[in-house]
Every structure is written in C-alpha cells, then in structure tokens.
Amino acid sequence: MATQALTTTVRRQGRALAGTGGRTAALFLVPFFAVFVIAMIAPVIYSLVLSFHSQQKSGLGFGEAKTVFVGLENYVQVFQSETFMEGIARLGLYCLIYVPCMVGGAVVFALLLDATVAKARKLFQLLVFLPHAVPGVIAALIWAYLYTPGISPLVQALQGGGIQINFLDSHVVLPSIVNIGVWEWTGYNVIILFTALQAVPREILEAARVDGAGEIRAAVSIKFPLILPALSVIMLFTIIGTLQLFTEPNIISKATASVTSTWVPNLWAYDAAFIRHNLNQAAAASIIIAGLAAILSLAVTRLSSRMNKS
Amino acid sequence: MKRRHLFAGMAGLAASTLLLTACGTGPSTSAAPTPADDPSGSITFWSSLAGMDKVAEAFNASQDKIKVSFETIPNGANGGYAKLSTAITAGNGPDVATIEYPQLPQFVSNGQVIALDGLINKAETVDKLTDETKALVQFGEKTYALPYDAAPMLMWYRKDMLDKAGVEVPKTWDDFEQAGKKLKAVAPDSYLATFNPNEVAASAGLAWQAGAKWFGTEGDSWKVGVNDEATQKVAGYWQKLIDEKIVKVSQAYSDEWSLDLANSTVVGVLGGNWSATGIQKRTEASGQKGQWIAAELPTWGNESGAFYGGSSFNVTKSSKNPAAAAKFVEFLTTNQDAIKARGNTGSAFLAFPGLTPVAQKAYDSSYFGNDIYEVFNKAYGNITPGWQWGPNWDITNTALKDAYGKLTTGGTIDDAIDTAQDATVASLKQAGLSVKE
Numbered sequence: 002m003a004t005q006a007l008t009t010t011v012r013r014q015g016r017a018l019a020g021t022g023g024r025t026a027a028l029f030l031v032p033f034f035a036v037f038v039i040a041m042i043a044p045v046i047y048s049l050v051l052s053f054h055s056q057q058k059s060g061l062g063f064g065e066a067k068t069v070f071v072g073l074e075n076y077v078q079v080f081q082s083e084t085f086m087e088g089i090a091r092l093g094l095y096c097l098i099y100v101p102c103m104v105g106g107a108v109v110f111a112l113l114l115d116a117t118v119a120k121a122r123k124l125f126q127l128l129v130f131l132p133h134a135v136p137g138v139i140a141a142l143i144w145a146y147l148y149t150p151g152i153s154p155l156v157q158a159l160q161g162g163g164i165q166i167n168f169l170d171s172h173v174v175l176p177s178i179v180n181i182g183v184w185e186w187t188g189y190n191v192i193i194l195f196t197a198l199q200a201v202p203r204e205i206l207e208a209a210r211v212d213g214a215g216e217i218r219a220a221v222s223i224k225f226p227l228i229l230p231a232l233s234v235i236m237l238f239t240i241i242g243t244l245q246l247f248t249e250p251n252i253i254s255k256a257t258a259s260v261t262s263t264w265v266p267n268l269w270a271y272d273a274a275f276i277r278h279n280l281n282q283a284a285a286a287s288i289i290i291a292g293l294a295a296i297l298s299l300a301v302t303r304l305s306s307r308m309n310k311s
Numbered sequence: 008m009k010r011r012h013l014f015a016g017m018a019g020l021a022a023s024t025l026l027l028t029a030c031g032t033g034p035s036t037s038a039a040p041t042p043a044d045d046p047s048g049s050i051t052f053w054s055s056l057a058g059m060d061k062v063a064e065a066f067n068a069s070q071d072k073i074k075v076s077f078e079t080i081p082n083g084a085n086g087g088y089a090k091l092s093t094a095i096t097a098g099n100g101p102d103v104a105t106i107e108y109p110q111l112p113q114f115v116s117n118g119q120v121i122a123l124d125g126l127i128n129k130a131e132t133v134d135k136l137t138d139e140t141k142a143l144v145q146f147g148e149k150t151y152a153l154p155y156d157a158a159p160m161l162m163w164y165r166k167d168m169l170d171k172a173g174v175e176v177p178k179t180w181d182d183f184e185q186a187g188k189k190l191k192a193v194a195p196d197s198y199l200a201t202f203n204p205n206e207v208a209a210s211a212g213l214a215w216q217a218g219a220k221w222f223g224t225e226g227d228s229w230k231v232g233v234n235d236e237a238t239q240k241v242a243g244y245w246q247k248l249i250d251e252k253i254v255k256v257s258q259a260y261s262d263e264w265s266l267d268l269a270n271s272t273v274v275g276v277l278g279g280n281w282s283a284t285g286i287q288k289r290t291e292a293s294g295q296k297g298q299w300i301a302a303e304l305p306t307w308g309n310e311s312g313a314f315y316g317g318s319s320f321n322v323t324k325s326s327k328n329p330a331a332a333a334k335f336v337e338f339l340t341t342n343q344d345a346i347k348a349r350g351n352t353g354s355a356f357l358a359f360p361g362l363t364p365v366a367q368k369a370y371d372s373s374y375f376g377n378d379i380y381e382v383f384n385k386a387y388g389n390i391t392p393g394w395q396w397g398p399n400w401d402i403t404n405t406a407l408k409d410a411y412g413k414l415t416t417g418g419t420i421d422d423a424i425d426t427a428q429d430a431t432v433a434s435l436k437q438a439g440l441s442v443k444e
C-alpha cells in the first residue's frame, strides 16, 4: 500500500539531502523521478483536468456525448451527494475508533516486547507480525467468514456463552471492520516502534534504573517520550492509510447489505467511475479524498513536530 | 522537515488518485459499419459465460475465413463491465462482447456498441424473436444486440416443505403470503424465500411483472418511475412479508444464504431458469434431491411475468472488423452448433426459437421434482409487455442497493424506492439528459 511507497520516498529524500549533490545525485534521482512523474504526477494532473469537465448529452442521450468545461460543478455534485458525505462521516468515525485502538495496541505490544523481563522475544515478535503477512483481501475474506452468522465458529461460540451478536448488523459492522484493520496493522507498527525502542540509549535506561525506576516507570517516562518521533510517522501513515479504506468494506459488502457500494469515499469514487460510468465525478471525488489526505498529513506532521520540540 | 511535509502530502495525493490511472480516454476508432456478404479476418470475443471458449473453437472449426480468439473476463458484479467499458473507450476493446439486458442501454447510449442493422440478416435473426425479447435489444428502431438467453423469472420451492405446511404451489401473491404463514405454523424458524438486497434486478423483475415501468420515453425525454404505483404495491407487499418474517433479508449467493438453503431454513428461491445449478450445488449434499420444483411466479390475478437476467451479444465500437464480428454474433445466437458446443452449462433457456431443446438435451434435470423446462416455457409465454431498461441502469442499481442497506435497521422498501427514484432522476439530469418524473 501507500505506506511502503512513502517509506521509500522519505528514505530516498534523506539520502539525497545527505549527498554531495551534482551529477552523481542526478544519476540516482532520475530513475525515481521519471517513474514518479509518469505514475504519480501525470495521473494527478489528468484527474484534475477530468474533474473540471463533464460528459454532457441531450434529450434521450443516444449518440455521442460532448465534453464540456463545467468548472467546479463536479465538486459541488460530490459534496451534495448524501452518500458521499455519509461516507466521509463514517470514515471519521472509523478513524476515531481505529487510530487509538491500533496505535495504542502497537505501543503497548512494543513496550512489552522491549521489557527486559520479556521471554521468547523473537517468537512473540513473529506472532504479532504474522497477521500483517496475510494479504488484505484474504484477511477480509477470513473475517467475513468469521462474522457471518450461522457459519462462523466465533458467533457460535459466543452464542454458546449466551451472547447474541451479529457482527454484520449495520450498527456493529463499522467496529467489525475496524477490528480487521487493527488485526492487520498492529503487528506492522509494533515492529516500527520496537526498532525505535532498540535505538533508545541503554545508558539512559541504566541511569533510570539506578535512580530506582521500575520497568513500568522506565517505559512510561523514558522510553515512550523517546519513541514519539516514530509514533508520529506511524500516525501519518495510519491516517493516510485510513483514507484509502477500500478492500475490507468491499469484501464485507458481499456478505451483508449493511455495507453499501458507496460506504466509504474510495468505494464511492470506484462506483462512480466503473459502475455508474461517471469518470468526471469520480475524478472530483478522488481529488477531494487526496486533498483531505494532504491536509490531514500536514496537520499530523505539524502537530508532531511541535510535540517533538516541546 | 519542511520538504518532507510536501513530499508526504504529494505521495498521499498521488496514491489516492492512482485509483483513476487505469481509465484513460484513448482515441476513438469508430469504424463505419458496412455490410459484407463474405467477411473474413480475425476478431476477439470477451465473455464471462462458461463454455464460450468451446463455442469459439467450434466456430473456428466450422469455417476458415474468420478466426475468433476468446478471452474470459469477470462477470458484471465482479468488474466485467468496468473492464469492457474502459477498454472500448480506450479503443482496445474486443470485437464481440457479452452484455446483460439491463446494462445494454447504457452501452448503447455511451456509443460503445454499434447498431447491427445492415450487418446481420434480419429476416433470419431478429424477425424470428418474440416482441418482449426484441424490446430488450432494439432502441429507436435500431438493433444493437442479438439476444442469447432470455431468462423468465421463477419461484423455486421445496415441495416437501410445502406439503408439510399443507399448501399447494402458490398461484397468486396472496396465496404466497398464506403459504408463508402456514409454513411458519409448522416450522417456526423457516422462511418461504429470501429478499436479496444485492439483487436489484430481482426487485425490477417483480415490479415489471406487476406492470411497473421504471423507464420509458416520452418524446425526447426519459420518464423515470422507480416508485410508480405498481412498484409501490410490490414494495408494500414485500415489506409486509419481511415484517411477518415470511421472507428473510439476506445477500443472494452469500455463505449465509447458501447455508440457509442447505439446512432448510429457507425453502424457496426467487430466481430464474438459471437458478437450477446453484440450488443443486448448495442443497445436493443435504439430501434434498427430488424435493425442489420450479414454478411460475405467483401473480397479481392475471397471467404475468418478467425476465430476470439473460445476456446479449454485441459488436463494440472498437471493432475494426464489424462485419466479421456480426457474423460471429449470428452464429452465437442462432446456430444449434453453438449451443451444442457449449455442452452442459446449466438449465439454459434461449431466446432464438429451436435452440432451447438443444440446451435441454445437454442438461441433466433429474435433480428436480418436476419438469422444469415445461415451467420455463410457460413462464416465457407470460412476460408482461412494455418494460424497458433505462439509460444508466447502474445508477438505479447502486442507489437501490444502498437504500436497501437500511432494511435491517428500520428502513423500508418503500423508502428505498423513493430514494432510488430521486437518485436516478438527479444523476440522469447531471448527465444532461432530459427527464420527466
């Protein structure tokens, strides 16, 4: 997903800044920028152009459609669409549940793994990371199976214990999808945080111990503040990743009517482009989603750099 | 740090827009259709229908002028139309495509399929079809496709469960409701059928049978009536069935739906002639052989029915050899060898006269408790005339499907059809079409 691409772009940039510049740098940068322009910049520009135009027909609509410049009309239509705005609201709610659960979980797991008393560290590291090795589509399919009443051993077991729950009910389906995301991404972020924890200078921890800090005190007062930069990177990736939510609801929608074909903004854009055949509206929707991602990432980086300074 | 912001932002922007990179508007290659008596050359054929590779092979073997290369594509629900539509727009679509009836008008209206007039032998093809099938492929007096299968809508029942409830096969929708109530009396956890929110075409079929006209033309305007009087009657009726727990709301073909059939929670299927294989596959292991029967749809009092599914074959705008493509379309839709070559691919029912017996011979219907083809034939004879599909079915399809999402949390079918009506009218107007309500 985008996260991977981002890691590479950020890393590459760091190297470019560290280099001495000149021809060598250009030699190494050209391949990247060539691909970046063709695969990233050009489509963005093309989508922008598309989003300001519309395919207009007249009368019964049989015959060639005319492409006309409509200014911001597509954007207005997208914002006026009840289903799109519902999707945005739903995504906001998803973020609100997902980010604390996933990031909180990742921090706790990483600190536990780093604790000096931890045994079989490698094994637990692997176990925590394992769900991330399952491709997103497969994960969604597995969870769809685990959620479907009548089939799922999970639902059956809960019923046996006297708990009646339909994970696919329209009130519960959002947390159910959050759960898939948490299951998939916590392990990945644990690894990032754990790596950051490894970089915490041991002498500081030793000093803390000498001063009488226990494991928990050391984790909260020493380790946690020192991994804040890594945490802010995770937040950035997570927020961008959340805006891209598509696979899980798309798969779950086959199992229940509670997840509609325009459930989140990305699904809305997909449906507009490939089902309703309105590429222009889809382009406008995608630009809106991208704009939202840009604003949110800016906000997160601003916030975290301020936090890092203080 | 500054530059990193910009970078991260841009990467986010680009990643979101990546979604759209696949769809480009390439140069249009519109070849003027010219009739040719003896076309030759190579053509490509895309279909999601099983066994079509064998049909293409049979055609290649039967003559040496036209060579067809076949490619399987996903079906409509899995992105087949997205692929087809983008490929045609980009100018690298197939010569011959498979399009279902509800989607056909939008391909016609987008100029993505060409009129076959002048390319096909009309007297030997379209003229032999029934008026109801012709209406599915002709727009503005031009023929844009040849129909392959024509799927009459049906009800499938578990005969043993009807017997247990002490009821006959329901003849009217009123009987159907009574049968559901009696079934509840003997088997409280059972449902007579399911209502499938993901099968909007089934809702359309039920409305069609009742005489609804979701789409029609009035002069130079479309008339949209997704919530017309007949549809409201049907919506109210099915809502009542849902409220009385006579039918269960569940996604067709989902694991839950399959399991319900297998363990007798649901004892009826609203489907078409094509449902036979699906029912057999899902219930055979549970020892339900001989229990399933096909029946005509219950009616509202007089003989009536609707089509539910079926595909047509078309020549696309990107075809560089429309004459050869049309020749192959003729073979596909009217030649007995085409049906024979496909072998046993389920309980097919074909539009062109004389083809169905060939398909029937290849299909083993012994799993079922009655003569299903006799039922198909009867249902095919009672299609309610006057139905037309709209200029962008998938707008209505998405809108209704989305509105059905609220069915499990207090929403009603009545509300859903109102929402779908508004969404359809608004979207068509946005595309510049003239619409009357």
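Protein chains in written order, with my numbering: chain A, 2 to 311; chain B, 8 to 444.
Cβ atoms here follow ideal geometry from the backbone N, Cα and C, with glycine treated the same way.
Query: For T84 (chain A) versus T263 (chain A), is the C-beta spacing smaller than 7 angstroms?; Result: yes
Query: Going by Cα to Cα distance, which pick from A:S298, A:A294, A:S287, A:S305 is closest to N75 (chain A)?; Result: A:S287
Query: Tell me the residue span of the alpha helix (DSSP H) that contains T84 (chain A).; Result: 83-115
Query: For Y411 (chain B) and chain A, any beta-carbon pair shorter than 7 angstroms?; Result: yes
Query: Using the rule of at least 16 other Cβ atoms within 10 Å of the residue's Cβ for burial, across every protein chain shown, is G294 (chain B) buried or exposed?; Result: exposed
Query: For H54 (chain A), write down the residues that DSSP places opposite it in a beta bridge.; Result: A:F70
Query: Once DSSP output is grouped into helix, strand and coil, what is the label at L362 (chain B)?; Result: coil
Query: Would you decide whether Q56 (chain A) is buried or exposed? Buried here means 16 or more other CB atoms lie within 10 Å of its CB.; Result: buried
Query: For T24 (chain B), collect the residues of the same chain with a Cβ closer than 7 angstroms to its Cβ; drop the 5 residues on either side in sequence, then sort them by chain order.; Result: Residue placement at T24 (chain B) is poorly supported in this model, since its pLDDT is 39, which falls under 50; the coordinates still yield a value, given next. No residues qualify anywhere along the chain.
Query: So K188 (chain B) contacts chain A; which residues on that side make the cut at Cβ distance below 8 angstroms?; Result: Correct list: empty, because the minimum Cβ distance to chain A is about 24 angstroms.
Query: Report yes if the CB atom of L169 (chain A) is closer than 7 angstroms to the CB atom of S254 (chain A), and no otherwise.; Result: no
Query: Going by DSSP in three states, V231 (chain B) sits in which element: helix, strand or coil?; Result: strand
Query: At a CB distance below 8 angstroms, what residues from the segment 202-232 of chain B approach chain A? Give them in sequence order.; Result: P204, N205, T224, D227, S228, W229
Query: Count the other CB atoms within 10 Å of the CB of V174 (chain B); is the residue buried (16 or more) or exposed (fewer)?; Result: buried
Query: Just confirm the distance between the C-beta atoms of W221 (chain B) and L440 (chain B), as a whole number of angstroms; I'd bet it's less than 8 angstroms.; Result: With 8 angstroms as the limit, W221 (chain B) and L440 (chain B) do not qualify as a contact, their Cβ atoms being about 15 angstroms apart.
Query: Quick check: is the beta carbon of S1 (chain A) nearer than 7 angstroms to any beta carbon in chain B?; Result: Nothing about residue 1 (chain A) can be read from this structure; chain A reaches only from 2 to 311.
Query: On the criterion of 16 or more Cβ atoms from any shown chain inside 10 Å, does L97 (chain A) qualify as buried, or is it exposed?; Result: exposed
Query: Can you tell me whether DSSP reads K74 (chain B) as helix, strand or coil?; Result: strand
Query: Can you tell me the Cα-Cα spacing of L123 (chain B) and K327 (chain B), whole angstroms?; Result: 14 angstroms
Query: Would you kindly work out how many angstroms separate the C-alpha atoms of D422 (chain B) and A410 (chain B), rounded to a whole number?; Result: 8 angstroms
Query: Considering only C-alpha positions, which residue in the set B:A427, B:P305, B:N321 is nearest to P159 (chain B)?; Result: B:P305
Query: Quick check on T290 (chain B) - is its C-beta less than 7 angstroms from some C-beta in chain A?; Result: no
Query: In chain B, which residues lie less than 9 angstroms from Y146 (chain A) when you measure between Cβ atoms?; Result: D262
Query: Can you list, in chain order, the residues of its chain whose CB lies under 7 angstroms from that of P266 (chain A), leaving out five sequence neighbours each side?; Result: F85, G88, I89, L92, A286, I290
Query: If you check the beta carbons only, do S233 (chain A) and S305 (chain A) fall under 7 angstroms apart?; Result: yes
Query: Quick check for students: name the residue ranges of the alpha helix (DSSP H) that lie wholly in the segment 69-146 of chain B, counting only runs of 4 or more.; Result: 87-97, 111-116, 138-144
Query: How long is the line joining the alpha carbons of E249 (chain A) and N399 (chain B), rounded to whole angstroms?; Result: 27 angstroms
Query: Would you identify the three-state DSSP class for D429 (chain B), choosing helix, strand or coil?; Result: helix
Query: Run through the segment 317-373 of chain B for me and flag every whole beta strand (DSSP E) of 3 or more residues, listed as ranges in chain order.; Result: 318-322
Query: Quick check on Q160 (chain A) - is its C-beta less than 7 angstroms from some C-beta in chain B?; Result: no
Query: For T201 (chain B), report the span of its beta strand (DSSP E) as first-last.; Result: 200-202
Query: Report the residue from B:G308, B:N270, B:D196 whose alpha carbon sits nearest the alpha carbon of T290 (chain B).; Result: B:N270
Query: Please identify, using Cβ separations under 7 angstroms, the residues of the segment 144-156 of chain B that lie next to chain A, in order along the chain.; Result: F146, G147
Query: Do A237 (chain B) and A219 (chain B) come within 7 angstroms of each other at the CB atom, strictly closer than that value?; Result: yes
Query: My output table needs one value for S49 (chain B): the three-state DSSP class, helix, strand or coil.; Result: strand
Query: Kindly indicate the opening and closing residues of the alpha helix (DSSP H) around Y411 (chain B).; Result: 400-411
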